[in-house]
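Numbering-wise (our numbering), the sequence shown opens with residue 740 and increments by one. The beta-carbon is built from N, C-alpha and C at its ideal position, and this holds for glycine as well.
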Amino acid sequence: MKTIHSPLEVDFISSKKDIFYIAILIIVIFCLSLYYEFYKYQQLSQTKNINITAKVLLQYKKKDYFVLKLKDSSGATFYTTSRDDLIDLKGKFIRIYGILNKNCNFLNYLKSCYIISFEMSLLHKKDYRDGIIDYINSQHNDFYFDGAFDINLLGSLYNGIFLATPMDKKILDFSASLGIAHIFAISGFHLGILSFVLYLILSPLYRIFQKRYFSYRNEFYDINFIVLFFAFLYLIVLDFNPSFLRSFAMFAFGLFVLYNGISLLSYKLLFTCIVFILALFPKIFFSVGFWLSCAGVFYIYLYLQYFKSINKIYSLFLLNIIVFLNMLIIAHYFFYVFSPWQIISPLLTIAFVVFYPLMLFLHIIDFGFILDSPLLLLINYDFFNVELQTPLWLLCVFLISSFMAIFSKKIYYLVLLISILYFLYGIFLSFRGI
């Protein structure tokens, strides 16, 4: 049996009593999570001189000093600087001795505090993913000098899309120019692709055993619960990456509500899931990637609400185009790079559905280098970019209109019109700057 939807679907929240109980649960979880974070902050701030072990997430040079982004074992992130002639420390563990900046209050601790370092030492401690990272790097031999170190460019790309490690700035600039940063930053899009591929692999095997031993069971739910288990293992490998965490939580929650005959395409469900994740992990509130990921899902919901009757083939293209346009105003509030080449972003997004699992398979069998030459040509191409920054007033108007679009198709069309005009304005700036 492959039945997915119950013929008697009910709404996720159907009464004020439901709202009350869910609100109480979320408030309790939020208070406990916040107390735990505050306890960790007190343990750190009460010590005059701190001595922590941390992993170096990012390292880049500014004039005559290095900036390092660090993450300790509790998940807290810090920044520090060093004027020493450092080796490439990205992905390595260091012990740092120093003091917290005086501006490191609890709110800043949840974001990221600055450490004034007195002493720094490299540790022999290894990340459990180091073997995988080295294996991926070994399949790519093209390096470039970024002004401080020799960088394995394609190794940085593939480690980023497979393991959510920070990518090199050159890769980030390339993705921004083509408007494909969302496919390079691992999120629900990647989870959806991997889940679909895993389902295709498992379903023939499942059907063999189902016919012989358990014909009464539901294929859709059984396989998806197996997929959910593998997704959780992958979430651990990704060190609970915020965007992937949101996607995993929504996947698990969505499977639960489907199983219980609750309507899946519900804004109440979406917002409850977002608030629940924030209550459980308060630090995620300050993650831009998390909010962009949530916005992407919201605009997918809006699209499905008003265009669900369109042919599936056409819908595949239209969905990518519309969500891309909807996300422009929000994305350009945080990131300012715009290029006319971004017009092909929806097509590249569709192509990535094939590229991602294919390259994952090729890397597993040690053939990850096959597409290195065309990729390097693309990455090294000098794309013409202009600066396009969304003003705060436009962001507010657009977000308010987007929420109002839930209740009005005309307002949804207005949101689409604003998105299209914004894109055309970016094109105008580009041609004016040539």
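Residue i versus residue j: straight-line alpha-carbon distance, rounded
i       : j       : result
Val1125 : Leu997  : 45 Å
Phe923  : Met1066 : 16 Å
Ile789  : Lys864  : 19 Å
Glu957  : Leu1153 : Residue 957 is actually Asn in this sequence, not Glu. Taking the straight line from one Cα to the other gives about 42 Å.
Phe1015 : Ile765  : 6 Å
Val1136 : Phe1020 : 29 Å
Leu1086 : Asn840  : 46 Å
Leu1131 : Ala920  : 22 Å
Ile685  : Gly1028 : Residue 685 is absent from the model: the chain starts at 740 and stops at 1173.
Phe983  : Leu977  : 8 Å
Ser812  : Leu846  : 19 Å
Ile1166 : Thr1129 : 14 Å
Phe770  : Tyr1164 : For the sequence presented, residue 770 should be read as Cys rather than Phe. Those two C-alpha atoms are separated by around 44 Å.
Tyr1045 : Ile1061 : 12 Å
Ala1090 : Asn891  : 24 Å
Ala988  : Asp1111 : 34 Å
Leu1058 : Tyr867  : 38 Å
Pro1113 : Phe882  : 15 Å
Cys1127 : Lys802  : The residue asked about is misnamed: residue 1127 is Leu in this sequence, not Cys. Answer to the nearest angstrom: the Cα atoms are 27 Å apart.
Ile1069 : Ile947  : 47 Å
Ser1140 : His1071 : 17 Å
Cys843  : Arg834  : 20 Å
Leu1097 : Asp869  : 22 Å
Tyr848  : Gly830  : 22 Å
Ile838  : Leu1168 : 46 Å
Ile1082 : Val936  : 28 Å
Phe1037 : Leu1138 : 11 Å
Leu1055 : Ser1048 : 12 Å
Leu1099 : Ile1109 : 12 Å
Ala887  : Leu1133 : 39 Å
Glu776  : Lys850  : 12 Å
Tyr973  : Leu902  : 9 Å
Tyr952  : Asp961  : 14 Å
Phe1074 : Leu896  : 19 Å
Cys852  : Tyr836  : 14 Å
Phe990  : Phe1170 : 42 Å
Val1092 : Phe995  : 26 Å
Local Cβ density within 10 Å of residue i, reported as buried at 16 or more and exposed below that
i       : result
Cys1033 : buried
Cys1012 : buried
Thr1088 : buried
Asn898  : buried
Ala1144 : buried
Val806  : exposed
Ile758  : exposed
Leu893  : buried
Ser754  : exposed
Phe992  : buried
Ser1084 : buried
Leu1064 : buried
Tyr778  : exposed
Ser860  : exposed
Ile1052 : exposed
Leu862  : exposed
Ile975  : exposed
Nearest-angstrom beta carbon gap, residue j and residue i [assumed within contact, 8 Å]
i       : j       : result
Lys794  : Leu809  : 7 Å
Gln798  : Asp827  : 7 Å
Leu1017 : Phe1010 : Actually they do not touch by this definition, with Cβ atoms about 11 Å apart.
Asn980  : Ile900  : In fact, because the Cβ distance is near 12 Å, the residues do not count as touching under 8 Å.
Leu1031 : Ala970  : Contact flag wrong, Cβ pair sits at about 20 Å.
Ile872  : Thr904  : 7 Å
Tyr1095 : Tyr1040 : No, Tyr1095 and Tyr1040 are not in contact; Cβ-Cβ is about 23 Å, not under 8 Å.
Gly927  : Arg985  : 7 Å
Asp889  : Asp907  : Actually they do not touch by this definition, with Cβ atoms about 11 Å apart.
Ile761  : Ile752  : 7 Å
Leu1004 : Leu1043 : 6 Å
Any C-beta of chain D under 7 Å from that of residue i
i      : result
Asn980 : Judged by its chain identifiers, the structure shown contains no chain D, having just a single protein chain.
Touching by the beta-carbon criterion (3+ pairs, under 8 Å), the segment 853-860 and the segment 813-825: yes
Cβ contact (3+ pairs, closer than 8 Å) linking the segment 899-917 and the segment 1076-1088: yes
Output the residue ranges of the alpha helix (DSSP H) runs that lie fully inside the segment 1083-1166 and measure 4 residues or longer, sorted by chain position. 1084-1103, 1111-1118, 1131-1143
Within the chosen definition, does the segment 934-953 reach the segment 964-971 through at least 3 CB pairs nearer than 8 Å? yes
Is the segment 1104-1117 touching the segment 870-885, taking contact as three or more C-beta pairs under 8 Å? yes
Secondary structure, alpha helix (DSSP H): runs of 4+ residues fully inside the segment 833-905: 845-850, 869-876, 892-902
So does the segment 1154-1168 actually touch the segment 1107-1117, counting three or more Cβ pairs closer than 8 Å? no
Length at least 4, wholly inside the segment 924-952: the alpha helix (DSSP H) runs in chain order: 927-952
Threshold first: 3 residues or longer. Then list the beta strand (DSSP E) segments lying entirely within the segment 958-1030, N to C. none
Within the segment 782-830, note down every full beta strand (DSSP E) run reaching 3 residues or more, in order along the chain. 789-801, 804-811, 816-821
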